[in-house]
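Undergrad: Following this message is one structure expressed as structure tokens.
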DNA sequence: AGTTTTAGATGTCTGCACACATCGGTGTCA
DNA sequence: TGACACCGATGTGTGCAGACATCTAAAACT
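Protein chains in written order, with my numbering: chain A, 1 to 241; chain B, 1001 to 1241.
Following this line, the structure appears as structure tokens:
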């Protein structure tokens, strides 16, 4: 199912557009794509429709299928993110995601302290403690697993479905290695305790403490990650397009 | 083109799914949809493919087209957001967007102070001042227009394409009224100056001041908007799905 | 320069063959 | 006799091929 012709056509075109192989303004013809990908018209059409909804192409009668500039791509779509991570813009995409996460998590922590259901608070504390233990014991694989679980739980606990999906949509589609382009891949002593502090603040409903603790973690994470995003040029998208 | 059969089919099904008329688990048959919407198979198939990429449905052989639960919907897609705003969950969607915006804008302001290109900084200051003037003169339409322009510019100035699209993808697709479910629709004295302060902080590269000013605006905005989101239940999406 | 015509592309419809998940009947075994 | 494993029938999405409709950019013509 994952390797349906339809899916493969989307993957093929999406990758090539985002990598820059098919630059903005490039025009393709459905008929030509049929030959190139060796699939029928319906497959091409369905793939193009999906790419259209992602903002990667537009179709115009009498012209063809035109590739759109990067500013039109839906930057929140999991597929688009995955394609960008596989392209030269990998560093820029990681930075964008990290900045977003760093902005959102403290807010999510504060909301979770106010709104999260009791069982989730409990689980959060348990995961944070288990994570601290795994870190102390040098059990890196378990630490990584718990780290993701912790941040996913926190975002879910906010009760904001957009926050919840930040880790959700992305983390699940992505490989473990890519996810850890967003978070340190080996434990940091103080940060282990900070996670527990955040979890406990959420558990007792202390929003301010939860936010501050999360901000501390995010600041630390950002500084540790910053050098991995090899100096990537920032893209400034014009307001009107 | 906007009212192509394909587009209308997407609109019809998307609206009905998100409104809850077609609940999660509900199974439809392509053939049945052809009859119901009075369109051909190709139209249905292309529409279903798009809805699939938005996480609204999944297709299974021998079963049909199954509606997925809300937790699987892509909450960042502009269409999904629009459909939710037109549904009973309007309040919850506005709250989610406002929380996201409130988390992101201060971060964007700080990044803009560090990275925004010079012309954008200049424009930001000009817009902020024009906005203050319009507010003082009681020119509400112009104030609204400039308000959107200001926040769009600020987000663009961050150089983070995800931030830039928060206003972009959403605001442009949406009606003016909906956008102002996210920001006050008449000027507040002090806030007018705060906008200028933020713009000037960004212009002189003072990240800390820009962030603080933006946080002040966001706190004010949130408290003024909060009562418009009539007590909506929060949705807690399970981590694994 | 403005208008009309035309060619060429997508949009829509239809009939067919195939793959494959599910269901239900059949046979085997305890 | 009853429970269970097997296997074929069935129905559905997937993919294909070809036709006609419709729109529009670009050419041709005033």
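Yeah, the Cβ is synthetic: ideal placement off N, Cα and C, and Gly gets one too. Every value quoted in this text rests on a predicted model; they were computed, and no experiment measured them.
Alpha carbon to alpha carbon, what distance is there between residue 1192(B) and residue 149(A)?
TA: One alpha carbon belongs to residue 149(A), the other to residue 1192(B), and they sit about 42 Å apart.
Undergrad: My assumption, with CB atoms under 8 Å, is that residue 68(A) sits in contact with residue 10(A). Please give the rounded CB distance.
TA: In this structure residue 68(A) is not in contact with residue 10(A), their Cβ atoms being roughly 15 Å apart against a cut-off of 8 Å.
Undergrad: From the DSSP secondary-structure annotation, give me the bridge partner or partners of residue 1065(B).
TA: Per DSSP, 1028(B) and 1059(B).
Undergrad: I need the boundaries of the alpha helix (DSSP H) containing residue 1006(B), first residue and last residue.
TA: Per DSSP, residue 1006(B) belongs to the alpha helix (DSSP H) from 1005–1019.
Undergrad: Alpha helix (DSSP H) containing residue 1073(B): first to last residue?
TA: That residue, residue 1073(B), is in no alpha helix (DSSP H); it is neither H nor E in DSSP.
Undergrad: Could you give the DSSP three-state label for residue 1213(B): helix, strand or coil?
TA: DSSP, read as helix, strand or coil, puts residue 1213(B) in helix.
Undergrad: Can you tell which of 1084(B), 1029(B), 1033(B) and 1021(B) has its C-alpha closest to the C-alpha of residue 161(A)?
TA: 1084(B)
Undergrad: Could you spell out the range, first to last residue, of the alpha helix (DSSP H) harbouring residue 45(A)?
TA: 41–53
Undergrad: Here's a check: name, in chain order, each residue in its chain whose Cβ is nearer than 6 Å to the Cβ of residue 224(A), leaving out the five neighbours to either side.
TA: 184
Undergrad: Applying the 10 Å Cβ sphere with the 16-neighbour rule, what's the burial state of residue 60(A)?
TA: Exposed.
Undergrad: Taking Cβ positions only, does residue 1023(B) come closer than 8 Å to chain A?
TA: no
Undergrad: Can you list, in chain order, the residues of its chain whose CB lies under 7 Å from that of residue 1218(B), leaving out five sequence neighbours each side?
TA: Cβ within range, chain order: 1102, 1105 and 1106.
Undergrad: Using three-state DSSP, classify residue 205(A) as helix, strand or coil.
TA: coil
Undergrad: Is it buried or exposed for residue 123(A), if we count other Cβ within 10 angstroms and need 16 for buried?
TA: Burial call: buried.
Undergrad: Report buried or exposed for residue 1228(B), applying the criterion of at least 16 other Cβ atoms within 10 angstroms of its Cβ.
TA: Residue 1228(B) comes out exposed.
Undergrad: Could you tell me the alpha carbon to alpha carbon distance between residue 1044(B) and residue 58(A), rounded to whole angstroms?
TA: 19 Å
Undergrad: Does residue 1195(B) come within less than 8 Å of chain A when only Cβ atoms are used?
TA: no
Undergrad: Which of the three DSSP states, helix, strand or coil, is assigned to residue 236(A)?
TA: coil
Undergrad: Hey, could you find the ends of the alpha helix (DSSP H) residue 1133(B) is sitting in?
TA: 1118–1136
Undergrad: Just confirm the distance between the C-beta atoms of residue 1248(B) and residue 1158(B), as a whole number of angstroms; I'd bet it's less than 8 Å.
TA: Residue 1248(B) lies beyond the range of chain B shown here (1001 to 1241); nothing can be said about it.
Undergrad: Please list the partners that residue 117(A) has in chain B, where partner means a Cβ-to-Cβ separation under 8 Å.
TA: 1236
Undergrad: To the nearest whole angstrom, what separates the beta carbons of residue 1235(B) and residue 1070(B), a pair I think is in contact under 8 Å?
TA: Indeed, because the Cβ distance is near 7 Å, the residues count as touching under 8 Å.
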